[in-house]
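Novice: Numbering (this note's numbering), first residue to last: 72 to 348.
Think of the CB as a built atom: it goes at the ideal place given N, C-alpha and C, for glycine as much as any other residue.
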């Protein structure tokens, strides 16, 4: 009699759990206990990582920031445009460059991934920086928005026949400032609205924040490195951040993290320099 009663109790418990909508919460807590890491789906350490990208910051810098911050050992293969033309077809055939583009990583355990957002999420899970289960969709939305703004920055800087002060100011006023306004107004998670919170999911540091910091820094770099031009608006990083105190707190708090601070001030970091220099 004991076994059937236990089975009925178990079925009743699972049914009540499903009906309450708390299955994800329970699964997350079990995973956190198993791996002793936070987040929806934490994983074991990734081991050594091989990062493939061009000889610049670009789409791979957020990945470097994450690995530097959490002492993940990694090596880099840095391509010039000429070397990439030869390496691309070989990498596609080998299955390393899934979509014929980089960044791409390969771990010592044989995991191969492309696309910045996927790589950040994967590595973030291994160090307890995954988002909570009920916020996976939220993190994906915000990360996609970051990529959208970064793409507009790239299109402005890289595709213009001549990048001049008027293009720079048009980007800052018509694209950058409106988009930063969107990020400034985001709640710290899908369920709360903490105006003083500096993180963008769950009230804690997640892989998403590395992408946001990289977006803020790359735009700051552009504004500050072009400040000496004859610019009508006189916009620079400081004047723009004055409009967005939450983003300013996020930016300055993040770059003061011990390992991040050491990395961004180290000689091993690729210096900033867009192609018009």
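So, residue 200 versus residue 276, is the Cβ gap smaller than 8 Å?
Specialist: For this step, residue 200 is matched to residue 129 along the chain shown. For this step, residue 276 is matched to residue 205 along the chain shown. Their beta carbons are under 8 Å apart, which means residue 200 touches residue 276 by this criterion.
Novice: State yes or no: is the C-beta of residue 251 within less than 8 Å of the C-beta of residue 318?
Specialist: In the chain shown, residue 251 corresponds to position 180, counting from 1. In the chain shown, residue 318 corresponds to position 247, counting from 1. Their beta carbons are under 8 Å apart, which means residue 251 touches residue 318 by this criterion.
Novice: Between the region 141-148 and the region 119-128, are three or more C-beta pairs nearer than 8 Å?
Specialist: The region 141-148, when compared against the region 119-128, does touch it at the 8 Å Cβ threshold.
Novice: Indicate whether the contact test is met: 3 or more Cβ pairs, each with one atom in the region 212-227 and one in the region 238-246, closer than 8 Å.
Specialist: The region 212-227, when compared against the region 238-246, does touch it at the 8 Å Cβ threshold.
Novice: Alpha carbons only, please: which of 269, 137 and 172 is nearest the one belonging to residue 152?
Specialist: Within the chain shown, residue 152 is the residue found at index 81, counting from 1. Comparing Cα-Cα distances from residue 152 to each of 269, 137 and 172, the minimum goes to 172.
Novice: Just to confirm the assignment: which complete alpha helix (DSSP H) runs, minimum length 4, are found wholly within the region 262-341?
Specialist: 278-296, 308-312, 316-326 and 329-335, all fully within the region 262-341.
Novice: Expressed to the nearest angstrom, what Euclidean distance is found between the alpha-carbon atoms of residue 348 and residue 191?
Specialist: If you number the chain shown from 1, residue 348 lands on position 277. If you number the chain shown from 1, residue 191 lands on position 120. The predicted model places residue 348 with a pLDDT of 48, which falls under 50 and marks its position as unreliable; any figure quoted below should be read in that light. C-alpha separation (whole angstroms): 30 Å.
Novice: Spatial neighbours of residue 332 within its chain, please: CB distance less than 8 Å, with the 5 preceding and 5 following residues excluded, ordered by chain position.
Specialist: Taking the first residue of the chain shown as 1, we reach residue 332 at position 261. So the qualifying residues of the chain are 326.
Novice: Grab the span of the alpha helix (DSSP H) containing residue 192 for me, first residue to last.
Specialist: Here residue 192 refers to the residue found at position 121 when the chain shown is read from its first residue. Here the alpha helix (DSSP H) through residue 192 covers 187-197.
Novice: In this structure, does DSSP put residue 177 in helix, strand or coil?
Specialist: What you label residue 177 is simply residue 106 of the chain shown in a count that begins at 1. Note: residue 177 maps to strand in three-state DSSP.
Novice: Straight-line CA distance for residue 239 to residue 227?
Specialist: Locating residue 239 in the chain shown gives position 168, where the first residue counts as 1. Locating residue 227 in the chain shown gives position 156, where the first residue counts as 1. Taking the straight line from one Cα to the other gives about 8 Å.
Novice: Below 8 Å on the Cβ atoms is my guess for residue 194 versus residue 111; work out the distance and round it to an integer in Å.
Specialist: Numbered from its first residue, the chain shown carries residue 194 at position 123. Numbered from its first residue, the chain shown carries residue 111 at position 40. Contact flag wrong, Cβ pair sits at about 15 Å.
Novice: Could you name the residues of the same chain whose beta carbon sits closer than 6 Å to that of residue 300, not counting the 5 residues immediately before and after it, in chain order?
Specialist: Along the chain shown, read from residue 1 onward, the residue named residue 300 stands at position 229. Counting only Cβ-Cβ distances below 6 Å, and skipping sequence neighbours, we find 236.
Novice: Do you know offhand how far residue 336's Cα is from residue 132's?
Specialist: The residue you call residue 336 lines up with position 265 of the chain shown. The residue you call residue 132 lines up with position 61 of the chain shown. For residue 336 and residue 132, the distance between alpha carbons rounds to 14 Å.
Novice: Out of 281, 225, 213 and 128, state which residue places its alpha-carbon closest to the alpha-carbon of residue 328.
Specialist: Against the chain shown, residue 328 aligns to sequence position 257. The option with the nearest alpha carbon to residue 328 is 281.
Novice: Take residue 330 as the anchor and find which of 129, 135, 125 and 109 has the nearest alpha-carbon.
Specialist: The residue you call residue 330 lines up with position 259 of the chain shown. Comparing Cα-Cα distances from residue 330 to each of 129, 135, 125 and 109, the minimum goes to 135.
Novice: Give the secondary structure of residue 124 by DSSP, where H, G and I count as helix, E and B as strand, and everything else as coil.
Specialist: Your numbering for residue 124 matches position 53 in the chain shown. The answer is strand: DSSP assigns residue 124 an E or B state.
Novice: If I measure Cβ to Cβ from residue 313 and keep anything under 8 Å in the same chain, skipping five residues before and after, which residues do I get?
Specialist: The residue you call residue 313 lines up with position 242 of the chain shown. Closer than 8 Å at the Cβ level, and outside the excluded window around residue 313, lie 319.
Novice: Mind checking which residues open and close the beta strand (DSSP E) that includes residue 148?
Specialist: In the chain shown, counting from the first residue as 1, residue 148 sits at position 77. Counting along the chain, the beta strand (DSSP E) containing residue 148 begins and ends at 145-150.
Novice: By Cβ distance, which residues of its chain are closer than 7 Å to residue 233, with the 5 residues on each side in sequence left out?
Specialist: If you number the chain shown from 1, residue 233 lands on position 162. Excluding sequence neighbours, residue 233 sits near nothing in its chain.
Novice: Give me, in chain order, the residues of the same chain whose beta-carbon lies closer than 6 Å to that of residue 322; leave out the 5 immediate sequence neighbours on both sides.
Specialist: Taking the first residue of the chain shown as 1, we reach residue 322 at position 251. Cβ neighbours of residue 322 beyond the five flanking positions: 287.
Novice: Cα-Cα, which of 253, 306 and 197 is closest to residue 241?
Specialist: Here residue 241 is taken as the residue at index 170 of the chain shown, counted from 1. The shortest Cα separation from residue 241 among 253, 306 and 197 belongs to 306.
Novice: Roughly how many angstroms lie between the CA atoms of residue 129 and residue 296, to the nearest whole one?
Specialist: Walking along the chain shown from the start, residue 129 turns up at place 58. Walking along the chain shown from the start, residue 296 turns up at place 225. Cα to Cα, residue 129 sits roughly 16 Å from residue 296.
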